[in-house]
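What follows is one structure encoded as structure tokens, with my remarks underneath.
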Amino acid sequence: MALSFWPWSLLSQPSPLPERLISAAPEAVIDDALNCWGTSADTFPKHVRDAYVDALRDPARVHAICEEYRAAATIDREHDMSDIASGRKVTSPVLAVWSKHGGIEKWYQEHGGPVELWRDFACNVQGYAVDGGHFFPEELPEQTADMLHAFLSKGT
């Protein structure tokens, strides 16, 4: 599964390789993400694309992005497994939302879907697939805001 989404395998590699690759071609990274991850490419006007590229020109930001993926592949997994083994779960309500057109829907089918997977980690999980791509909050800002408002207004 990790190889089906290149950021997981590349960005979790030891420094400085991922940082150097991203810094060498930030436009290619952003073009791939914005054009190929299920959201319509025309969702992102030039000034938005330029802002994303500019962010990847900052070595500290690129390093922080890579560190997040490294943690997800190492210490975060260790903490997750420890929590599962001890029966420790998040007790506050959790909203899991994912793109209907991305990989999440199919990657986690064997677990019963994303909501069932999250139930290993939290007591009160609800969620659903959104009819958008990976960047659905930018593609569907009003729907995303309405969904978050409804969830956060429940007070449970």
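When you read off a place in the sequence shown, starting at 1, and then add 1019, the result is the number in the working numbering. Glycine residues also receive a C-beta, built at the ideal position from the N, C-alpha and C atoms.
**Message:** So for Q1162, helix, strand or coil by DSSP?
**Reply:** Sequence index remark: in the sequence shown, residue 1162 carries index 143 (1-based). It is helical.
**Prompt:** Where does the unbroken beta strand (DSSP E) through S1118 begin, and where does it stop?
**Reply:** As a working note, residue 1118 is residue 99 in the sequence shown. Looking at the DSSP string, the run of the beta strand (DSSP E) that includes S1118 is 1113-1118.
**Message:** Taking the alpha-carbon of P1033 as reference, which of A1083, D1050, E1046, V1067 has the nearest alpha-carbon?
**Reply:** Translated into positions along the sequence shown, residue 1033 becomes position 14. The closest CA to that of P1033, considering only A1083, D1050, E1046, V1067, is found on A1083.
**Asked** Would you say K1119 and D1150 are within 8 angstroms of each other, going by their C-beta atoms?
**Response** Walking along the sequence shown from the start, residue 1119 turns up at place 100. Walking along the sequence shown from the start, residue 1150 turns up at place 131. Their beta carbons are under 8 angstroms apart, which means K1119 touches D1150 by this criterion.
**Request:** Answer yes or no: do W1056 and G1146 have a C-beta to C-beta separation smaller than 8 angstroms?
**Result:** Taking the first residue of the sequence shown as position 1, residue 1056 is located at position 37. Taking the first residue of the sequence shown as position 1, residue 1146 is located at position 127. No, the Cβ-Cβ distance between W1056 and G1146 is not below 8 angstroms.
**Message:** Within a Cβ cutoff of 7 angstroms, which residues of the same chain sit near Y1127, ignoring the five residues on either side of it in sequence?
**Reply:** For the purposes of this step, residue 1127 is taken as residue 108 along the sequence shown, with counting starting at 1. Answer for Y1127: P1133, L1136, listed in chain order.
**Asked** Leaving out five residues before and five after F1155 in sequence, what residues of the same chain have Cβ atoms less than 6 angstroms from its Cβ?
**Response** Stepping through the sequence shown from its first residue, residue 1155 is reached at position 136. Apart from the 5 residues on each side of it in sequence, F1155 sits with its Cβ closer than 6 angstroms to the Cβ of S1118, V1149 in its chain, given in chain order.
**Request:** Determine the contact status of E1158 and T1058, defining contact as a CB-CB distance below 8 angstroms.
**Result:** Stepping through the sequence shown from its first residue, residue 1158 is reached at position 139. Stepping through the sequence shown from its first residue, residue 1058 is reached at position 39. Going by C-beta atoms, E1158 is nearer than 8 angstroms to T1058.
**Item:** 8 angstroms Cβ cutoff met for I1103 and D1139
**Value:** In the sequence shown, residue 1103 corresponds to position 84, counting from 1. In the sequence shown, residue 1139 corresponds to position 120, counting from 1. Judged by beta-carbon spacing, D1139 lies within the 8 angstroms limit of I1103, meaning their Cβ atoms are closer than that value.
**Closest by C-alpha distance to R1068, when choosing among R1039, V1048, P1035** = Taking the first residue of the sequence shown as position 1, residue 1068 is located at position 49. Nearest option by C-alpha distance: V1048.
**Prompt:** If we call anything under 8 angstroms between Cβ atoms a contact, is S1031 one with A1079?
**Reply:** Stepping through the sequence shown from its first residue, residue 1031 is reached at position 12. Stepping through the sequence shown from its first residue, residue 1079 is reached at position 60. Their beta carbons are not under 8 angstroms apart, which means S1031 does not touch A1079 by this criterion.
**Request:** Look at the Cβ atom of C1085, then the Cβ atom of P1045, and state whether they are nearer than 8 angstroms.
**Result:** In the sequence shown, counting from the first residue as 1, residue 1085 sits at position 66. In the sequence shown, counting from the first residue as 1, residue 1045 sits at position 26. No, they are not a contact pair.
**Item:** I1041, buried or exposed, once every other Cβ within 10 Å from all chains shown has been counted against 16
**Value:** Taking the first residue of the sequence shown as 1, we reach residue 1041 at position 22. Answer is buried; the Cβ neighbour count reaches 16.
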